[in-house]
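Have a look at the structure below before the remarks.
Number of protein chains: 2
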Amino acid sequence: MKLLEDRIRRDGKIFEGDVLKVDSFVNHQIDVGFISELGKEFYRLFGDCGINKILTIEASGIGIACLVAAHFNVPVVFAKKSKSINISADVYSSKVESYTHGKTYDVIVSREFLGKGDKVLIIDDFLAKGSALKGLISLAKDAGAEVVGAGIIIEKAYQGGGDYIRNEMGVRVESLARVASMSVAGGVVFCD
Amino acid sequence: MKLLEDRIRRDGKIFEGDVLKVDSFVNHQIDVGFISELGKEFYRLFGDCGINKILTIEASGIGIACLVAAHFNVPVVFAKKSKSINISADVYSSKVESYTHGKTYDVIVSREFLGKGDKVLIIDDFLAKGSALKGLISLAKDAGAEVVGAGIIIEKAYQGGGDYIRNEMGVRVESLARVASMSVAGGVVFCD
Numbered sequence: 013m014k015l016l017e018d019r020i021r022r023d024g025k026i027f028e029g030d031v032l033k034v035d036s037f038v039n040h041q042i043d044v045g046f047i048s049e050l051g052k053e054f055y056r057l058f059g060d061c062g063i064n065k066i067l068t069i070e071a072s073g074i075g076i077a078c079l080v081a082a083h084f085n086v087p088v089v090f091a092k093k094s095k096s097i098n099i100s101a102d103v104y105s106s107k108v109e110s111y112t113h114g115k116t117y118d119v120i121v122s123r124e125f126l127g128k129g130d131k132v133l134i135i136d137d138f139l140a141k142g143s144a145l146k147g148l149i150s151l152a153k154d155a156g157a158e159v160v161g162a163g164i165i166i167e168k169a170y171q172g173g174g175d176y177i178r179n180e181m182g183v184r185v186e187s188l189a190r191v192a193s194m195s196v197a198g199g200v201v202f203c204d
Numbered sequence: 013m014k015l016l017e018d019r020i021r022r023d024g025k026i027f028e029g030d031v032l033k034v035d036s037f038v039n040h041q042i043d044v045g046f047i048s049e050l051g052k053e054f055y056r057l058f059g060d061c062g063i064n065k066i067l068t069i070e071a072s073g074i075g076i077a078c079l080v081a082a083h084f085n086v087p088v089v090f091a092k093k094s095k096s097i098n099i100s101a102d103v104y105s106s107k108v109e110s111y112t113h114g115k116t117y118d119v120i121v122s123r124e125f126l127g128k129g130d131k132v133l134i135i136d137d138f139l140a141k142g143s144a145l146k147g148l149i150s151l152a153k154d155a156g157a158e159v160v161g162a163g164i165i166i167e168k169a170y171q172g173g174g175d176y177i178r179n180e181m182g183v184r185v186e187s188l189a190r191v192a193s194m195s196v197a198g199g200v201v202f203c204d
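See below:
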């Protein structure tokens, strides 16, 4: 999506250690009008799929998911990160590895809010190795929900998570910007 | 606000230990259309105050703040919870006590996203003793921003945090539902 690629080129910041910061408009300060435009694009892509619920993960997914959901006119459910060892029987849970923070945590969703008959679109800001997305897919499937697809703002395509989920797990993944490579010196190169 | 009070009476759940759960429409599953209606009410209350930024705190404030901000056409900045002992020089920080989780944590906002000239509306889901709100007000003032007011969905008025912030700190606080008392047996009683 050109609008997004241009914005990443303009306002994204690259740091050593494979870090692309977009915290001026995506995940610390949120440019609400801009993210709503991305929501419109997700609706163009998934609007005819019968989606009745949007699933995301705290914290940075929540705002984006809400602005996307406004176009679909459906509720958002956000998975919570939990450090508790005992997972209650009232929730579905899944393990997610955070490469940024170097640890594994459980994500949980109350059984009340996800179940059979739900047609779910998963929304998140980033997709790299795909650990969070795999966790959410697994959790939704445990709940008996159908995962219609995933809508991602920025995919680091060179990390392979997106293609694994598309090809090995058979889940439709639509990323509005796909990064082919990036470096502090050379900036961001998008796929295609 | 009658719409909200009716919804709390219908879908809110009271548990021992002074717990009012509204996670079916506010802070786990988010009823996006309904929260957007609350956003319209906040815009009616604060729309003529020259607000250029909405400030909230992760995680449950973020979705609400984004849906409110869509009416104001301004960006959201969300304060992040941090457990790190060393707070970087690039951020404003403040301490917040969580009574629910029984611990104190730092909340931080990057200096890039808050500063002199900003007229800020703080948005959050709950106000009880007011620790999170006091922390956000203090952080915004450190940044040199003007706190125009705070918009809260549910205030537990009997805990006194809201009145302290109104009367002792001189900040305008508008809560769409003010709980006078509640109990498992008696349900929720609203103020007025």
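Just so you know, the protein sequences line up as chains A and B, in that order.
Take the numbering used here: the final residue in the first sequence is number 204, and no numbers are missing along the way.
Take the numbering used here: the final residue in the second sequence is number 204, and no numbers are missing along the way.
Cβ atoms here follow ideal geometry from the backbone N, Cα and C, with glycine treated the same way.
Flag this pair as yes or no: are the beta carbons of residue i and residue j separated by less than 8 Å?
| i | j | result |
| --- | --- | --- |
| B/D154 | B/G73 | no |
| B/V121 | B/A91 | yes |
| A/F202 | A/V191 | yes |
| B/G156 | B/G127 | yes |
| B/I66 | B/V34 | no |
| B/S106 | B/V89 | no |
| A/I26 | A/V200 | yes |
| A/Q76 | A/I165 | Sequence inspection shows Ile at residue 76 of chain A; the Gln mentioned does not correspond to that position. Contact: yes. |
| B/G182 | B/L145 | no |
| B/V80 | B/G59 | no |
| A/E109 | A/K93 | no |
| B/S187 | B/L148 | no |
At the level of alpha carbons, what is the spacing between residue i and residue j?
| i | j | result |
| --- | --- | --- |
| B/T68 | B/K115 | 19 Å |
| B/G62 | B/F54 | 13 Å |
| B/K141 | A/A189 | 43 Å |
| B/I42 | B/Y111 | 23 Å |
| B/F84 | A/I134 | 27 Å |
| B/A152 | B/V103 | 11 Å |
| A/I99 | A/Y170 | 34 Å |
| A/G24 | A/H113 | 21 Å |
| B/F125 | B/E180 | 28 Å |
| B/V11 | A/L32 | The question about residue 11 of chain B has no answer, for chain B in this structure spans 13 to 204. |
| B/G163 | B/L57 | 9 Å |
| B/D204 | B/R178 | 17 Å |
| A/S195 | A/E167 | 15 Å |
| A/V160 | A/H40 | 28 Å |
| A/D18 | B/C78 | 23 Å |
| A/S143 | A/E49 | 26 Å |
| B/S193 | A/N64 | 35 Å |
| B/G129 | B/D175 | 27 Å |
| A/L15 | A/D30 | 23 Å |
| B/S150 | B/E158 | 11 Å |
| B/E28 | B/M13 | 26 Å |
| B/R123 | A/R22 | 19 Å |
| B/V38 | B/A101 | 34 Å |
| A/S36 | B/Y117 | 24 Å |
Under 8 Å between beta-carbons, which chain A residues line up against residue i? List them in chain order, please.
| i | result |
| --- | --- |
| B/G75 | I74, G75, A77, C78, V88 and F90 |
In terms of DSSP beta bridges, what is residue i paired with?
| i | result |
| --- | --- |
| B/Q171 | Per DSSP, none; premise fails for B/Q171. |
| B/L67 | B/V89 and B/I134 |
| A/V159 | A/V132 |
| A/D60 | Its beta-bridge partners do not exist; DSSP assigns none. |
| A/Y104 | A/V121 |
| B/G199 | B/S195 |
| B/S94 | B/D118 |
| B/I165 | None, per the DSSP bridge assignment. |
| B/E186 | B/G163 |
| B/L151 | According to DSSP, which records beta bridges pairwise, B/L151 is partnered with nothing at all. |
| A/K25 | A/K33 |
| A/L145 | Bridge partners of A/L145: none, in fact. |
| B/S110 | B/K115 |
| A/I42 | B/V88 |
| A/L220 | It is not possible to answer for residue 220 of chain A, since the shown part of chain A is limited to 13 through 204. |
Going along chain B in order, which residues have a C-beta closer than 9 Å to the C-beta of residue i?
| i | result |
| --- | --- |
| A/E124 | D35, S36, H40 and Q41 |
| A/E70 | E70, A71, S72 and I74 |
Which residues, in chain order, does the segment 79–91 of chain A contribute to contact with chain B at a C-beta distance below 8 Å? Considering only beta carbons, the part of the segment 79–91 of chain A lying closer than 8 Å to chain B consists of L79, A81, A82, N85, V86, P87, V88, V89 and F90, in chain order.
Which residues, taken in chain order from the segment 102–118 of chain A, show a beta carbon closer than 9 Å to some beta carbon of chain B? Residues passing the 9 Å Cβ filter: none.
Residues in the segment 43–61 of chain B having any Cβ partner in chain A nearer than 7 Å: For chain A, the residues of the segment 43–61 of chain B that bring a beta carbon within less than 7 Å of one of its beta carbons are D43, V44, G45 and S48, in chain order.
If you measure beta-carbon to beta-carbon, which residues of the segment 152–173 of chain A are closer than 7 Å to chain B? For the segment 152–173 of chain A, no residue has a beta-carbon sitting nearer than 7 Å to a beta-carbon of chain B.
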